[in-house]
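These protein sequences, in sequence, are chains R and L. Going by this note's numbering, the first residue of the first sequence is number 12, and it counts up by one from there. Going by this note's numbering, the first residue of the second sequence is number 269, and it counts up by one from there. Note that beta-carbon positions come from the ideal geometry of N, C-alpha and C, so glycine has one too.
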Amino acid sequence: MDKMEGSFAVEDMQNVQINIGAIVKEVEEWDQPMGPFPYPSIATLRDWDFKIMNRYKVFYSPICDRCTLCTYGPCDLTGNKRGACGIDQAAQQGRIVLIAVLMGCTAHAAHGRHLYHWCLDKFGDLPFKMGDEILVDAPLTRTIAGIKPKTLKDFGPVLGYVEEQVSQLLACTHTGQEGSYLDFESKALHAGMLDSLGKEVSDLIQIVAYDMPRGDEDAPLVECGMGTLDKNKAILITYGHNLAGSAEAMFYTEDNNLWDKVDIGGVCCTAIDNTRICEGIGHPDKEFNDKYRMVGAKAKIAGAIGWWRKMVRGDCMDCIMVDEQCVWTDAIVDAEKYKVPLIATNEKIMLGLPDRTNDPVDEIVDDLVNFRMPGVVVLDPVKAGEVGVKTAIAVKPKRAEIREADPFLSEEDFKKYAESCTYCHSCQFVCPPHIKIGDVVRAAAEGNYEPLSTTYEICVGCRRCEQVCPQDIPILSLYAYANRDYIRNQKFKMRAGRGPVKDTEIRRVGAPLVLGTIPGVIAIIGCGNYPNGTKECYDIAREFVDRGFIVAATGCMAMDMSLYTDAEGKTIWEQFPGGFDGRNICNIGSCVANAHLHGAGIKVATIFAGRNERANYDDIADYILSKVGACGVAWGAYSQKAASIATGFNRLGVPAVVQSHSVMYRRAFLGRTDKREDWEIIDARDGSKVYCEPAPEHMLYVAESVEECMLMMAKLCIRPSDNNSGRMIKLTHYCDISMKYFGCMPPDWPIYVRHASDLPLKWKEDMMKELESKYGWEIDWKRKAILSGPIRKSDVSFDPTNIERKIRVKK
Amino acid sequence: MAVDTTKNPVPFEMAQIPGPEMAKAYNTAVIGAILKKAKRPLLVVGAELFEDPVMFDKAIEIGKTGVPIAATAHSIKGFVERGYTENVTMIGLHPLTNYLRFKDWQGLDGKGQYDVVIFTGIFYKFASAMFSALKNFNRDIKRVSIDRYYHVNADMTFGNLAFNPDQYHEAVDEVIAKLKA
C-alpha cells in the first residue's frame, strides 16, 4: 500500500495489524538531534550557495549565443541581450547548466532507483550494515536527509526525495520560470548535491546487496586491459554502469562452471562493479555467500569508456550486454556490422530493438546466434545474463568462420585505405585531441606505422574523423590493425573498488589533513575525453602519491591509470598501498562510488571535528571549505554526469579542476584575488571578520595543460586552517611543481605566507629576501621573522567559518 | 607579397558555430595596425607554443615592442628558457579571462583594464570559449587572434592556416613588422 502519514481514525476496523513506522525507532537509535535542514528543498540552502557565488564568481563562456527553446526563438542573446521571454545570456547559460546537471543527477539517481527495486526483488530487504569500521555509514544520506538507514528499504524515501526535487528543478527551466543566473546556479548546486546523494544510495545498495568491499584497502588486484580477454574463450562484454544483468551473467557462469568457456569483461563503470562482487564482509544470505564468494575477481576490466570503439575494431568481443549510461548510442550499428550480438538489459537504452523479455532463452539465443536480428532487449537481468553467456559461447565459432572468410581488415585493405588519403585534413579539423591524422595516415601509406602507435592512446575513439572523411577511410580500423600487438599485450592489474573510507582511516588522517601536514586529498574522477591521452591519468596520480597526498580514484580514470607501469613493471596499484592515507592510492570504485569522497569530507567534519552531520549540510560544507584540503580532478570529463559530480563537490566546499574540453560545460566558479572583500571570513571564536588569503582560490577551474592542472590542484588544497607546518608543506609542493613544470616560482606565493614558518625550508632565505626587496615586507633578519606584510597574521586558534550561526561568542 | 590571411574562414572545429555574430578574417596589415593603435594591448599565449617553438621567439619580439604578455598554462617555461621574462606574467587562461570580463579590473600591472587582447598558441576550444566569454560579457575589449586557426568568437582573426606553417609564420612576421613600423 502507499505510504500514509498523519492521524487516522480506527473505527470500524477489524483484523487490522498496525505497524509503527521508522520515525519512532529513529529517535531511539540516533542520539544526534535533528539538524536545521532535513530534506532541504530548492530554497533551503540558497544562502549557502550565494555565499559560494559571492566569493567564486559565476563565469560563463557560452558555446551557443542563441536560445532555440520556444517558438518565439531563435533569439540572439549575444552580448548578454535578452530574448523574447526576457531571459538574458547569463541566465540562459545558467539554465543550460542546470539542465546538464539535472541530466547527470537523474542518471545516477535513476541508476539507484533501478538497483533499489531489483535488489529488493532479488535479495529482499537486507539489513544495511557497513561493518565494524564504518559506523558513520551513509554520510550524505545523514547530512542531507537527516536519517540513518537501517535496511535497504530505508533508501526508498531518500530516492523519492531526490526524484521530487529533480522534478521541481526541471520545472524551473521551462520558459517563463527562473530568470536570474544566480538562482539558476543555486538550483544547479542543489542538483549537484542531489546527485551526490543519488550516487551514495546507488553504491550503498549495491555494496550491501552484492557484498562489495567496505573500505578494504587490500581489495584484490584484478586483470585490466584488452589483452587480458582470453581469445580462446568466448568473450562477453558488459558495457555501461549498472551491474544487474552483468552480475547475473557472472552468477550463471559460476553456477554452470563455464569460466573455462567464457571470459566476462566490463567496459566503463560496469567493469569496476563486476570486479567488486562478493568481496566484502560476507553476504547475509549464507547460500549466496558460499556460492559466489570472490566471484568478482574472475571478471576482467576490458577497459574504460574511451577504449570502446577500439575494442570493437580490435575484435575483442563475441557478444555485448549494454545496461545504462555512457554507452555509445551507435553500439548497435557496430554490433550489426561486426556480427556481435547485442543484448540491451535496461529500459533506458533499448536502441529500437525488439523486447524479448518474455520469450524463452533458447529462442532468443538462436535468433542472435544465427544473426536473425542484431540485438534484443531483455529486461529481466537473470534472463539477460543467461542469454548473454549462452549467446557468446554459441556465436564464437560462427563469428570465427565469418572472420576467416572476411577479416576485419587485411594487410591489402590497410594499404588501400591508407593510400587513398588525399591529405585534405578534414579529419584534423574535427579531432578533439588535435591528432594530425593526415600525417599519421600518410606515414602508414609509406609503411611507417609508428605514428599510428604513438597516437593510439591519445585518440579518444570518438570516430568523428571517419564521419568527415571524404574517402571513407575507416581510420579507427587502421589504428586497430597497426596496434594489434599492443592490443594483445594490453595486460595490467587494477585494484578492485574498495568502497567507502573507513572511520578508522579518518581518525588517522583527520588531524594531519586539517592542519595541512598531509597536504591534501586528490580525488581523481571519471571519463575518457583526455586532451592528450590516457598517460596523463597516471602522471597526475603518480605526481601526488609521490608527494604524500592522499590519492583516491574512481571510474574510468582509475582504469586508464592502470595501463602504465614503473621500471619494475608494476602498475600504480602495485606500487602503492590502497589505504586512505598519504602516499597511498585507493580505487574507491565506480562513478557512483565517488559519493564516498564526499563522504570522506563529511566524516572528517563529524568524526575528527565532532560536528553533527544530521541534516546539517551547510555547516559541514562550511567546515570542508575552510578546513579540509581536498581537490577533485576530472581530466577526462565528458558527460553531464561529470557536470553534476563537480557541481556536487562544489556545494560541499570541494574545488575541482577539469581539462580544457570542459569549457563545453560553459560555467566555472572563479575567485578574484584583487577583491579583498571577497575573502572576508568570520572567526567563529568571537564573530570578528578576518581578511584571509584566497584559499581555495577557485571552485571550478579549467586547466589548459596537465602541468597547469597539477599546479592548480596543489594550490587548491591550501586552506585557511593550515597550521604553519602544514602551510609550509603545501607551499613547498605548490612551488616545487611550479619549478618542475613552469621553470619558475608561481607569482602569487607571497599571498599564502602568514609567518616565516609558512615558508618552504628549501627556499626560505631567498623568499624572505624577495618579500623584503620586491614586496616591501618588513623582515627582522636577526630573528628571521616577518614583522609586516602578510594579508593576515598566523593564528593557531583561528576558527574560520562563513556561517553566522557558528559564532560562539559575539564580539 | 603579403600572405592572404582572409582565406578559409571556417571554424577549426567545424561545429563551432556560435550564432549570428561570427569573426571576420582580416589581412595582416589591418591586424597589425589595430595592435599598433591599441592603448592597452595584452598578448595572451598558451602551451601550444611548445609544439611550434619558433612562436616563442615571435611572441618575445612582440613583447619587446612593449606589449605585455600573459603566459597561460605552463608556457612561461618557454620564456624562462629563452631568458625573456621582462613583461611576461604567468597566469591561467581561465582566471585571466575572468578578470578581463570585469570592467573594474586593473590589469596585470595594476594600471587599468586592457582594450585589445591578442591570443595565440592556445588549445582551440579553450581559446574559443574564452573569446566567447568576452564577446558576451565585456564587449569593450577587442578580441584578436593571430593563431593559426580561424577563431569564430574573435572580432578579428586569420583564416585557417593550420596546415600551412610557413605561411602562418610569415603572416605573424607581417603583423610584427606592422607593429614595429
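Review point. Whose CA, out of R:R93, R:R558, R:E554 and R:D377, lies closest to the CA of M572 (chain R)?
Key: R:E554
Point to revise | Nearest-angstrom Cα separation, counted from F318 (chain L) out to V440 (chain L) | key: 17 Å
Review point. Does DSSP put M282 (chain L) in a helix, a strand or coil?
Key: coil
Exercise for review: At 8 Å on the CB atoms, spell out the chain R contacts of V348 (chain L), in chain order.
Suggested key: F753, G754 and C755
Practice item. Run the CB neighbour count on W792 (chain R), radius 10 Å, all protein chains shown included, and call it buried at 16 or more, exposed below. Key: exposed
Exercise for review: Compare the C-beta of L429 (chain L) with all C-beta atoms of chain B and state if any pair is closer than 9 Å.
Suggested key: Among the protein chains in the structure shown, which are R and L, there is no chain B.
Check your understanding: Cβ of A679 (chain R) less than 9 Å from any chain L Cβ?
Key -> A679 (chain R) counts as touching chain L.
Review point. Taking only beta-carbon atoms, is G331 (chain L) less than 9 Å away from chain R?
Key: no
Check your understanding: Can you find a CB in chain L that lies within less than 9 Å of the CB of K68 (chain R)?
Key -> Judged by the 9 Å Cβ criterion, K68 (chain R) is in contact with chain L.
Practice item. Excluding the 5 residues preceding and the 5 following M358 (chain L) in the sequence, name in chain order all residues of the same chain whose CB lies nearer than 6 Å to its CB. Key: A339 and I344
Review point. Going by other Cβ atoms of all chains shown within 10 Å of its Cβ, with 16 needed for buried, is I216 (chain R) buried or exposed?
Key: buried
Point to revise | Exposed unless 16 or more other CB atoms sit within 10 angstroms - verdict on N243 (chain R) | key: exposed
Check your understanding: Since N295 (chain L) and A270 (chain L) are thought to touch, with beta carbons under 8 Å apart, how far apart are those beta carbons, to the nearest angstrom?
Key -> 6 Å
Practice item. Go to K741 (chain R), then tell me how far its beta strand (DSSP E) extends in each direction, as first and last residue. Key: Run containing K741 (chain R): none in the beta strand (DSSP E); it sits in the alpha helix (DSSP H), N735 to F753.
Check your understanding: Can the beta-carbon of A230 (chain R) be found less than 9 Å from the beta-carbon of A569 (chain R)?
Key -> no
Practice item. Anything in chain R within Cβ reach of H342 (chain L), meaning under 7 Å, just list it in chain order. Key: S716, E718, E719, Y752 and F753
Review point. Which one of R:L113, R:N543 and R:G209 has the shortest CA to CA distance from I446 (chain R)?
Key: R:N543
Practice item. Would you list the residues sitting across from G276 (chain R) in a DSSP beta bridge? Key: Answer is R:I248 and R:K311, bridged to G276 (chain R).
Practice item. Report yes if the CB atom of M384 (chain R) is closer than 9 Å to the CB atom of L362 (chain R), and no otherwise. Key: no
Check your understanding: Over what stretch of residues does the beta strand (DSSP E) that includes F70 (chain R) continue unbroken?
Key -> Y67 to Y71
Exercise for review: Round the Cβ separation of I288 (chain R) and G307 (chain R) to the nearest angstrom and send it over; I've been treating them as touching at under 8 Å.
Suggested key: 4 Å
Point to revise | C-beta atoms of P277 (chain L) and Y418 (chain L) nearer than 9 Å | key: yes
Exercise for review: State the start and end residues of the unbroken beta strand (DSSP E) segment that holds M505 (chain R).
Suggested key: F503 to R506
Review point. In terms of residue numbering, what span does the beta strand (DSSP E) encompassing F387 (chain L) cover?
Key: V384 to T388
Exercise for review: Sort R:C746, R:A121, R:W760 and R:I631 by Cα distance to I360 (chain R) and report the nearest one.
Suggested key: R:A121
**Study point:** Amino acids of chain R, ordered along the chain, whose beta-carbon sits closer than 9 Å to that of L447 (chain L)
**Key:** In chain order: nothing, as chain R lies at least about 25 Å away.
Check your understanding: Which residues of chain R have a Cβ atom closer than 8 Å to the Cβ of R407 (chain L), listed in chain order?
Key -> G90
Review point. Which same chain residues, not among the five before or five after M739 (chain R), have their C-beta less than 8 Å away from its C-beta?
Key: S768, D769, L770, P771 and L772
Review point. Thinking C-alpha only, which one of R:G754, R:K775, R:I814 and R:W788 is nearest G351 (chain L)?
Key: Nearest option by C-alpha distance: R:G754.
Review point. Looking only at DSSP bridge pairs, what is G600 (chain R) linked to?
Key: R:T565
Exercise for review: For M269 (chain L), decide whether its Cβ has a neighbour in chain R, counting only Cβ atoms nearer than 9 Å.
Suggested key: No, because no Cβ of chain R sits closer than 9 Å to the Cβ of M269 (chain L).
Exercise for review: Buried or exposed for F100 (chain R), please, with buried defined as at least 16 other CB atoms from any protein chain shown within 10 angstroms of its CB.
Suggested key: Residue identity differs from the one stated: residue 100 (chain R) is Gln in this sequence, not Phe. Counting the other Cβ atoms within 10 Å of the Cβ of Q100 (chain R) gives 16 or more, which makes it buried.
Review point. Between L722 (chain R) and the rest of its own chain, which residues show a CB-CB distance below 6 Å, the 5 nearest in sequence each way excluded?
Key: Contacts found: I748 and S749.
Check your understanding: For A534 (chain R), which of helix, strand or coil comes out of DSSP?
Key -> strand
Check your understanding: What does S72 (chain R) reach in chain L if we use C-beta pairs closer than 7 Å?
Key -> Against chain L, a Cβ distance below 7 Å from S72 (chain R) picks out A397, M398, S400 and A401.
Review point. Leaving out the 5 sequence neighbours to the left and right, which residues in its chain are closer than 6 Å to D372 (chain L) when beta-carbon positions are compared?
Key: Taken in chain order, the list of residues that qualify is empty.
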